[in-house]
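K.L.:
Here the sequence shown is numbered in my numbering, starting from 527 and rising by one per residue. Even for Gly, the Cβ is constructed at its ideal location relative to N, Cα and C.
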Amino acid sequence: MNTNSTVDLHTHSYYSDGTYSPEEIVKEAFENKLSAVALTDHDCLKGLDEFNDAGKKYNVNTINGIELAAYYESPFIDKKKEIHIVGLFIDNKNVALNKKTDLILQQRIERNKKMVKRLTELGFPMTYEELKAIAKKGSCSRTHYAVLMVKKGYVKTKDEAFDKYFSAGMPGYVPRILPTPEECIQLIKNAKGVPILAHPTLYRIDIEKIELMAKDLRDKGIEGIEVMYSSYNSRQQYEITNIANKYNFAKSGGSDFHGLNKSGIYLAKGNGNLSVPDYFLDELKSRRNKNV
Ligand code: AMP
Ligand code: MN
Ligand code: MN
Ligand code: MN
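Quick look at the structure:
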């Protein structure tokens, strides 16, 4: 392996809320000379066959991934929090994981019907069909509502749609039914994957609480943590790396690329400075062997 090679272990295609096809992600990885790239669509395995086929075509190492959402509850946190757990190296044909993602998709459809009604009542008329047209192949998520709100001229930017209307607690927010972190960890390990705590700085808790959460989840079976991520500043990267070292996490990292749905975030490079070394992969892979 080339010692200067880099990888991107967190990306989304149009099967969830990105705008690129799985093949376009692989092409982008090839053009950026990545030695490996993972597709980690939200609660979704549908893009992985195409992704692996594209990997063969472009001779890029493609890694099967998923990003599962869970509610985290703990005495040191005032109310339950949505957190994300990335699973890498999963078997995308695993029956239990496929059943769960099918169920989550059904629950999303129910939620979407409620959310369309709620936003319409708030003065932003829209239909489920309009939303589906934006999501294309993907399951509709709040990202797609934000795109539709901009398109219809209800807000100027996607951020404004989140900030004013459907961030957690805002009037247009309809919560999803989510599994526990323990269930996500089990589903990922059962599918021969390695569970990783995604972007802990996004959970609106201070670094002391991030450490408590990470330690707790490590005790519950999480093997890795994202120590490199597009939005981290150098202090955050340093602090999360310290947590990884202290609690024996395998280190992971990625851009969280969403194509045009997250402007300013590029595959491989994140917001410009990201560079995830490929030796992270070896350690992550070795954790997999312990699970199998
Ligand atoms: P959902 O899974 O439908 O609850 O939607 C969550 C998605 O919305 C995430 O995957 C993010 O890509 C996106 N998202 C969440 N919060 C924000 C935010 N404040 N600004 C922009 N995008 C966000
Ligand atoms: Mn997303
Ligand atoms: Mn996430
Ligand atoms: Mn993500």
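1. Given a cut-off of 8 Å on the beta-carbon distance, is the pair L674 and M652 in contact?
2. With a 10 Å radius around its C-beta and 16 neighbouring C-beta atoms as the bar for buried, classify P707 as buried or exposed.
3. Note down the Cα distance separating G479 from G649, rounded to an integer number of angstroms.
4. Please go through the same chain and pick out, in chain order, the residues whose beta-carbon is closer than 6 Å to the beta-carbon of A776, but skip the five residues on each side of it.
5. At a cut-off of 7 Å, would you count K684 as near ligand 1, judging by its Cβ distance to the nearest heavy atom?
6. Using three-state DSSP, classify T532 as helix, strand or coil.
7. Out of curiosity, what's the CA-to-CA distance linking A717 and G613?
8. Please report the straight-line C-alpha distance between N585 and E734, rounded to a whole angstrom.
9. Look at the Cβ atom of R744, then the Cβ atom of R702, and state whether they are nearer than 8 Å.
10. Between the Cα of K639 and those of Y654, S778, I722, spot the shortest distance and give me the residue it belongs to.
11. Check this for me: beta carbons of Y773 and A724, under 8 Å apart or not?
12. Among D575, T537, T532, which has the Cα closest to the Cα of N558?
13. Do you know offhand how far I766's Cα is from I722's?
14. Can you tell me where the alpha helix (DSSP H) with Y584 in it begins and where it stops?
15. So, do the segment 562-581 and the segment 530-549 have three or more beta carbon pairs nearer to each other than 8 Å?
16. Whole angstroms are fine: how far does the CA of M641 sit from the CA of K788?
17. Is V552 buried or exposed, if buried means 16 or more other CB atoms sit within 10 Å of its CB?
18. Tell me the DSSP bridge mates of E593?
19. Hey, is E752 close to ligand 3, as in C-beta under 7 Å from one of its heavy atoms?
20. Exposed or buried, K582, counting other C-beta atoms within 10 Å across all chains shown (16 or more means buried)?
21. Quick check on the DSSP output: what are the complete alpha helix (DSSP H) runs of length 4 or more inside the segment 651-705, in order along the chain?
22. Let me make sure I understand the geometry here. Which of K662, L571, D575, L713 has the alpha-carbon closest to that of T545?
P.N.:
Taking the geometry as given:
1. yes
2. buried
3. The requested residue 479 does not occur in the structure, where the chain is confined to residues 527 to 818.
4. E749, G750, E809, L810, R813
5. yes
6. strand
7. 9 Å
8. 42 Å
9. no
10. Y654
11. no
12. T532
13. 13 Å
14. 574-584
15. yes
16. 22 Å
17. buried
18. H568, V612
19. no
20. exposed
21. 654-661, 668-677, 684-687
22. K662
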